[in-house]
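2 protein chains.
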Amino acid sequence: MTPSHDDPRFLRSREAIVAAARELLVAGGPGAVSHARVAQQAGIARATVYRHWPRTDQLLAEAMATVPLPFFAAPDLPTRDWLVRELTALARQLDHHDVRVVATTLASTALWEDGMDVRRAGFADLLARRLADALEAARDRGEVDLRTAPRDAAALAIGPLHYRATIERGTTDDDVVATVVDSLGRWR
Amino acid sequence: MTPSHDDPRFLRSREAIVAAARELLVAGGPGAVSHARVAQQAGIARATVYRHWPRTDQLLAEAMATVPLPFFAAPDLPTRDWLVRELTALARQLDHHDVRVVATTLASTALWEDGMDVRRAGFADLLARRLADALEAARDRGEVDLRTAPRDAAALAIGPLHYRATIERGTTDDDVVATVVDSLGRWR
Chain V
1 MTPSHDDPRF LRSREAIVAA ARELLVAGGP GAVSHARVAQ QAGIARATVY RHWPRTDQLL
61 AEAMATVPLP FFAAPDLPTR DWLVRELTAL ARQLDHHDVR VVATTLASTA LWEDGMDVRR
121 AGFADLLARR LADALEAARD RGEVDLRTAP RDAAALAIGP LHYRATIERG TTDDDVVATV
181 VDSLGRWR
Chain L
1 MTPSHDDPRF LRSREAIVAA ARELLVAGGP GAVSHARVAQ QAGIARATVY RHWPRTDQLL
61 AEAMATVPLP FFAAPDLPTR DWLVRELTAL ARQLDHHDVR VVATTLASTA LWEDGMDVRR
121 AGFADLLARR LADALEAARD RGEVDLRTAP RDAAALAIGP LHYRATIERG TTDDDVVATV
181 VDSLGRWR
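Structure below.
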């Protein structure tokens, strides 16, 4: 009998598969995520892995998409201090090799796979909207005179951290975070 | 007889191989660059491709490394105008799909291959040095009071363009370029 999608065993095996795929992804890159290796790593029959995700790229996308994206989710006051804290937290996350791997691999896999490109666009749009909303609210409260269109804030604020981590492979210090926050507007 | 390395036929076949590898890279991503496909695309015997580059990853690195890197190479005065021009030119390059492909693939392949990581580090260091040197010269000339360490200029100036192109898959407009240039210092 084929298990139904809310069968606890089905959900447990699904979680184990995604966890195994994420481990393989972080350790060996996208090429390391195959049905056979995921099955071995998760201690699950290969046929079960195929039943959940018939294609490897779907499995890889799932592994990447389950990396949580907590940044800029809950704005706090004053907005400038919150932005500094959030960007500092993001910079510290980007110090980790595995986070750099996921950020880099998401962008490159999205070039060749439509499904992954949808994920990339979703992440990018989520971050851009969160930052734009927070900055517009800060402006409406009189906290800041914006120097830039709110939808550009993600590129201006996250871009330098992302470049430092994925291209320069270095760490973003407090001075860069402060420069980035001040480039967005004149804070009162 | 094995041709010597300065034999014109050897150099011609080498150029044809790199050109073919670059075309395959841009059209189909790193997975499309194989000895067999490169040989077919270049109209050259597969054994010749192997003689030049015994390993696929070396061939791929060569294809990527031959994408020229003209940006920030020749500072001009006033420095602010030159920076705006150079960043605008870089943004227009990053509007092209093939340039996004190379930028993205370089970062992701560098995660798994030491040879490619050397290339990545070389590109990153070259850009950072060119920008730092230009800003220090501008400061010494009294053109600008720098807000940031010169070595952070590449992340601050290129990062937003790179993020916009490779993560958001959008275009960088003049306002973002101006914001980025003004984030580096107070221009006189």
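So the sequence lines, in the order shown, correspond to chains V and L.
Count the first sequence with my numbering and you get residues 1 to 188, in order.
Count the second sequence with my numbering and you get residues 1 to 188, in order.
Every residue, glycine too, gets a C-beta built ideally from N, C-alpha and C.
Please read these numbers as outputs of a predicted model, since none were measured by experiment.
If you check each beta-carbon in the region 103-120 of chain V against every beta-carbon of chain L, the ones closer than 9 Å belong to A103, T104, T105, L106, A107, S108, T109, A110, L111, W112, D117, R120. Taking C-beta atoms as the reference points, P70(V) and A134(V) fail to come closer than 8 Å. Proximity of E23(L) to chain V, defined by a Cβ-Cβ separation below 8 Å, is not satisfied. Proximity of chain L to E62(V) at the Cβ level (cut-off 8 Å) is not reached, the minimal Cβ distance being about 19 Å. Within chain V, the C-beta atoms nearer than 8 Å to that of V176(L) come from T148, D152, A155, L156, in chain order.
For V144(V), the uninterrupted beta strand (DSSP E) segment begins and ends at 144-146. E62(V) is classed as buried because its beta carbon has at least 16 other beta carbons within 10 Å across all chains shown. Taking a C-beta distance under 8 Å as the contact criterion, V176(L) and A157(L) do not qualify as a contact pair. For G170(L), the closest alpha carbon among the candidates D125(V), P8(V), M64(V), G170(V) is that of D125(V).
Distance from the CA of Y163(V) to the CA of P78(L), rounded to the nearest whole angstrom, comes to 27 Å. Only residues of its own chain outside the window of five on either side were considered, and among them H35 have a CB closer than 7 Å to the CB of Y50(V), listed in chain order. Counting along the chain, the unbroken alpha helix (DSSP H) around G159(V) starts and ends at 153-166. Of the residues assessed, V102(V) falls on the buried side of the cut-off, its CB having 16 or more other CB atoms within 10 angstroms.
One thing to note: V84(V) has its Cβ no nearer than 8 Å to the Cβ of Q93(V). The alpha-carbon separation between R9(V) and I17(V) amounts to approximately 12 Å. In terms of Cβ geometry, S108(L) and S13(V) do not form a close pair [threshold 8 Å]. In the three-state scheme derived from DSSP, where H, G and I count as helix and E and B as strand, G31(V) is classed as helix. Within 10 angstroms of the beta-carbon of L127(L) lie 16 or more other beta-carbons, which makes it buried. Beta-bridge annotation (DSSP): G185(L) is paired with L146(L).
Taken in chain order, the complete alpha helix (DSSP H) segments of 4 residues or longer contained in the region 43-105 of chain L are 46-52, 56-65, 79-93. If you ignore the 5 residues before and after L106(V), its C-beta comes within less than 8 Å of the C-beta of M64, M116, R119, R120, F123, all in its own chain and listed in chain order. Counting of Cβ neighbours within 10 angstroms places H97(V) among the exposed residues, the total staying below 16.
Spanning the alpha carbons of W112(V) and R147(V) requires a straight line of approximately 36 Å.
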